[in-house]
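Numbering (my numbering), first residue to last: 6 to 282. This report concerns only the one structure given below.
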């Protein structure tokens, strides 16, 4: 089993782009499909559209329960300026009506995570800005885990042809790595979740395809996202001082994440060493 890569070998710029794009790999090689033919057949496409509209209708219904004055000021943030404006617009509503606001916040976060819509990092910052560190982290971990789990089952339904079409080489590599680590799979999945070695989007979609058991996927997501969630939520407390998303994850932060990830994968490395002795 190859040893985990050191942080010095990782392209920091690429990792930052992954974080800003909700874990999507935006390199030309990753985006270039292997075939021009759309991978989903008509039944799979219809199932995907049906699930999407079912989620969207539920979300729209929740939004309609909000006062008209608040509903008109909702906009998914795409920049830090958008996020600051959204925080100002929703602060009073979040304080006066916490239950409806949290329901709308959670539904939006899970919807975005399920259908791989970029921008959940802004939602995590918003949780810190509005709810503080403790409640913010609980909210983010709950939503990120629920959204990733929902994406897992959606991929189980229709994801195999799509992932094989978009990332065939990365999928083969991931499948081989999972096969080699079946006896310590939780440790390896924790390492992937804690460190930005693979984009979270790819992990969510590919895990059911390479037969990662759901309970392993769930536990690794629930525990492994805690360090990054803490960093993001805490940054939301000082939202006005944040100049760029790049300020969230500098070299020092990446080093800490990889150190934690190395601790998670240590049992696998030690077992491998005993096998070869």
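Every residue, glycine too, gets a C-beta built ideally from N, C-alpha and C.
A Cβ-Cβ distance of about 13 Å is found for the pair residue 55 and residue 45, leaving them out of contact under the 8 Å criterion.
Residue 87 holds the alpha-carbon nearest to the alpha-carbon of residue 248 among 59, 87, 80. The C-beta distance from residue 118 to residue 156 rounds to 6 Å, short enough to fall under 8 Å.
Here the alpha carbon of residue 123 sits roughly 16 Å from the alpha carbon of residue 111. Excluding sequence positions up to five before and after residue 82, its CB lies within less than 6 Å of the CB of 88, 91, 127, all in the same chain and listed in chain order. Annotation for residue 172: no alpha helix (DSSP H) segment contains it, and DSSP assigns it neither H nor E. In the displayed model, residue 66 falls within a helix according to three-state DSSP. Taken through DSSP and simplified to helix, strand or coil, residue 166 comes out as helix. Taken atom to atom, the span from the alpha-carbon of residue 190 to that of residue 219 is near 12 Å. In its chain, beyond the 5 residues on either side, 229, 232, 262, 265, 266, 269 have a beta carbon closer than 7 Å to the beta carbon of residue 199. Residue 204 and residue 182 have their C-alpha atoms roughly 15 Å apart. For a cut-off of 8 Å, the C-beta gap from residue 130 to residue 240 is around 6 Å, short enough to register as a contact. If you draw a straight line from the Cα of residue 242 to the Cα of residue 164, it comes to about 37 Å. If only complete runs of 4 or more residues are kept, the segment 74 to 117 shows the alpha helix (DSSP H) at 85 to 101, in order along the chain. Boundaries of the alpha helix (DSSP H) around residue 209: 205 to 211. Taking all protein chains in view, the Cβ of residue 186 is crowded by 16 or more other Cβ atoms within 10 Å, so the residue is classified as buried. By the neighbour-count criterion, in which a residue is buried when 16 or more other Cβ atoms sit within 10 angstroms of its Cβ, residue 66 is exposed.
From the listed residues 99, 102, 64, the smallest Cα separation to residue 114 is found for 64. Collapsing the DSSP output to three states places residue 194 in a helix. The shortest C-alpha to C-alpha distance from residue 58 to any of 116, 137, 109 is the one to 116. Around the Cβ of residue 245, a 10 Å sphere holds fewer than 16 other Cβ atoms; the residue is exposed.
In the three-state reduction of the DSSP assignment, residue 56 falls in the helix class.
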